[in-house]
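Taken in order, these protein sequences are the chains called U and E.
Start counting the first sequence at 1; every next residue gets the next number (my numbering).
Start counting the second sequence at 68; every next residue gets the next number (my numbering).
Built from N, CA and C at the ideal position, the CB exists for glycine as well.
Working notes, structure below.
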Amino acid sequence: MVTIILNGEKKEIESEVTLDRLLDLFSLPKQRVAVELNKEVISRKDWEKTTVSSEDRIEVVHFVGGG
Amino acid sequence: MDSGFTLAGKTFGSRLIIGTGKYRSFDEMKAAHRASGAEMVTVAVNRVPLDRKTESFLDHLDPAMQILPNTAGCYDAEHAIRTSRLAREALETDWIKLEVIGDPVTLLPDNEQTLEAAKVLVKEGFIVLPYFSDDLIMAKKLLGAGCPAVMPLAAPIGSGLGVQNPANLRIMREQLPDATIIVDAGVGVPSDAAIAMELGADAILMNTAIAEAGDAAQMATAMKLAVEAGRLAYLSGRMPKRLYASASSPIAGAIK
Chain U
1 MVTIILNGEK
11 KEIESEVTLD
21 RLLDLFSLPK
31 QRVAVELNKE
41 VISRKDWEKT
51 TVSSEDRIEV
61 VHFVGGG
Chain E
68 MDSGFTLAGK
78 TFGSRLIIGT
88 GKYRSFDEMK
98 AAHRASGAEM
108 VTVAVNRVPL
118 DRKTESFLDH
128 LDPAMQILPN
138 TAGCYDAEHA
148 IRTSRLAREA
158 LETDWIKLEV
168 IGDPVTLLPD
178 NEQTLEAAKV
188 LVKEGFIVLP
198 YFSDDLIMAK
208 KLLGAGCPAV
218 MPLAAPIGSG
228 LGVQNPANLR
238 IMREQLPDAT
248 IIVDAGVGVP
258 SDAAIAMELG
268 ADAILMNTAI
278 AEAGDAAQMA
288 TAMKLAVEAG
298 RLAYLSGRMP
308 KRLYASASSP
318 IAGAIK
């Protein structure tokens, strides 16, 4: 098992996966979102070639109402 | 007549910029946006919830509007920079409302961290619109860092207190005649917006005053009119204040 921190929550996944696959695993949207891996933004075009490893911190953000 | 204002090469006919937070429904928000005539709206960057499906908030915004993501909720330069980069990646926009908060009770800005973040973001090509305390020297530093506008507060975020220090805004206007000054936060009622515009602000950014009004769309109309009225008044040049009366009708010739 691989333990990651996804949006501040500790999550276990079966194996190392790409960011693209990670979004699928957690049923997260892919349009108009952005992904950060260990504080670095990972461009959408690199989601399929970036692998998530144990202890990685991932942030997936979208937009909400704000002032 | 007023021809609007230009920011980073883009001209806005409306001098009212509004938020998207705190509305009771999407329909109410959309009606308020339409009524306001605003051409730019702010949005916040937030974690996607893991436990439920979410619809895209952006689908509820008029596509013609310029979207201005903010860095709300950031308490230091590093978080604000990271949030800005995420917003750019997700929205493909270089525009960012830079907001670095100093404490959770007052939500007053941390000017030092704001300036630090602004310097980094400008270098990275962002169009940085910084929210900060209404201070001339800070405004100069932010403009010096390459921000195309400065956004001094009128009062704490969501307070609705109105312009608390008109002298500061007036000084900023007089000392920075060419700067774009957008009053951001603290407006409660249309007269507050009018006062800020009369003092020479180029535009006003507000959220709560419209979203928390009993009738948000109607308040948005009122704000639109107030911003226009205040702008025209500023351009017209106000009469001098006098301590004593000055008769409007001729005194000589009145019957005795």
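With 16 other Cβ atoms within 10 Å as the buried cut-off, status of residue i
i: U/E40; result: exposed
i: E/M205; result: buried
i: E/P219; result: buried
i: E/M68; result: exposed
i: E/G211; result: exposed
i: E/A293; result: buried
i: E/M306; result: exposed
i: E/A314; result: exposed
i: U/M68; result: Because chain U here runs from 1 to 67, residue 68 of chain U falls outside it and cannot be looked at.
i: U/E14; result: exposed
i: E/E241; result: exposed
i: E/K208; result: buried
i: U/L23; result: buried
i: E/K164; result: buried
i: E/I262; result: buried
i: E/P116; result: exposed
i: U/Q31; result: exposed
i: E/A131; result: exposed
i: E/D201; result: buried
i: E/Y311; result: exposed
Neighbouring residues, chain E, relative to residue i (Cβ below 8 Å)
i: U/L28; result: V115, L117
i: U/E9; result: L117
Distance between beta carbons of residue j and residue i, contact taken as under 8 Å
i: E/I194; j: E/D161; result: 5 Å
i: E/M273; j: E/G86; result: 7 Å
i: E/R114; j: U/N7; result: 4 Å
i: E/E95; j: E/A283; result: 5 Å
i: E/F72; j: E/T247; result: 6 Å
i: U/G67; j: E/T138; result: Not quite, the Cβ-Cβ distance comes to about 12 Å (not below 8 Å), so this is no contact.
i: U/L25; j: U/V35; result: Not quite, the Cβ-Cβ distance comes to about 13 Å (not below 8 Å), so this is no contact.
i: E/E191; j: E/A144; result: The pair is not a contact, with the Cβ atoms about 13 Å apart (cut-off 8 Å).
i: E/I277; j: E/A99; result: 5 Å
i: U/I58; j: U/I4; result: 6 Å
i: E/L153; j: U/V61; result: 5 Å
i: E/N178; j: E/F199; result: 5 Å
Partners in chain U for residue i, counting only beta-carbon separations shorter than 9 Å
i: E/K97; result: Correct list: empty, because the minimum Cβ distance to chain U is about 12 Å.
i: E/L324; result: For residue 324 of chain E there is no data in the structure shown, the boundaries of chain E being 68 and 323.
i: E/K291; result: Residues of chain U passing the Cβ test: none, with the nearest at roughly 17 Å.
i: E/Y90; result: G65
i: E/P244; result: Correct list: empty, because the minimum Cβ distance to chain U is about 28 Å.
Within chain E, the residues that residue i reaches when beta carbons sit closer than 7 Å
i: U/E36; result: R149, L153
i: U/E59; result: R114
i: U/V6; result: For the sequence presented, residue 6 of chain U should be read as Leu rather than Val. Within 7 Å Cβ-Cβ: L117.
is_contact[residue i, chain C] using C-beta, thresh 8 Å
i: U/R32; result: Considering every chain present, this structure includes no chain C. Its protein chains are U and E.
Interface partners of residue i on chain E, CB under 9 Å
i: U/V41; result: R149, R152, L153, R155, E156
Where residue i meets chain U, residues with beta-carbon distance less than 8 Å
i: E/K77; result: Residues of chain U passing the Cβ test: none, with the nearest at roughly 20 Å.
i: E/G86; result: G65, G66, G67
i: E/T109; result: G66, G67
i: E/F124; result: H62, F63, V64, G65
i: E/T121; result: P29, H62
i: E/N137; result: G66, G67
i: E/I224; result: G67
Closer than 7 Å at the beta carbon, the chain U residues around residue i
i: E/K190; result: Near E/K190 there are no residues of chain U at all, since even the closest Cβ is about 16 Å away, more than 7 Å.
i: E/T181; result: None at all; the shortest Cβ gap to chain U is about 16 Å.
i: E/N274; result: G67
### Message
Pairs of beta-carbons, one from the region 52 to 61 of chain U and one from the region 171 to 190 of chain E, closer than 8 Å: are there three or more?
### Response
The region 52 to 61 of chain U is not in contact with the region 171 to 190 of chain E.
### Task
Examine the Cβ distances between the region 212 to 225 of chain E and the region 233 to 252 of chain E and report whether three or more of them are shorter than 8 Å.
The region 212 to 225 of chain E is in contact with the region 233 to 252 of chain E.
### Those runs of the beta strand (DSSP E) which lie wholly inside the region 148 to 195 of chain E and span at least 3 residues
The region 148 to 195 of chain E contains these whole beta strand (DSSP E) runs: 162 to 165.
### Query
When the Cβ atoms of the region 257 to 275 of chain E are set against those of the region 296 to 303 of chain E, are three or more pairs found closer than 8 Å?
With contact defined as three or more Cβ pairs closer than 8 Å, the region 257 to 275 of chain E and the region 296 to 303 of chain E are in contact.
### Task
Assess, as a yes-or-no matter, whether the region 106 to 126 of chain E is touched by the region 74 to 83 of chain E under the definition of 3 or more beta carbon pairs within less than 8 Å.
Contact holds: three or more Cβ-Cβ distances are below 8 Å.
### Task
Scan the region 69 to 100 of chain E and note each continuous beta strand (DSSP E) run of 3 residues or more that stays entirely inside, going in chain order.
The qualifying runs are 72 to 74, 77 to 79, 83 to 85.
### Message
Report the start-end ranges of each alpha helix (DSSP H) in the region 3 to 41 of chain U that is 4 residues or longer and not cut off at the edges.
### Response
Listed in chain order, they are 19 to 25.
### Task
Tell me the start and end of each unbroken alpha helix (DSSP H) in the region 247 to 306 of chain E that is at least 4 residues and wholly inside, in chain order.
Those alpha helix (DSSP H) runs which fall completely within the region 247 to 306 of chain E and span 4+ residues are 257 to 265, 275 to 278, 283 to 303.
#### Entry: Sequence ranges, beta strand (DSSP E) only - wholly within the region 188 to 233 of chain E, length at least 3
List check, beta strand (DSSP E) in window: 194 to 199.
### Task
Could you pull out every unbroken beta strand (DSSP E) segment of at least 3 residues lying fully inside the region 110 to 139 of chain E, listed in chain order?
The beta strand (DSSP E) runs of length 3 or more contained entirely in the region 110 to 139 of chain E are, from start to end of the chain, 133 to 137.
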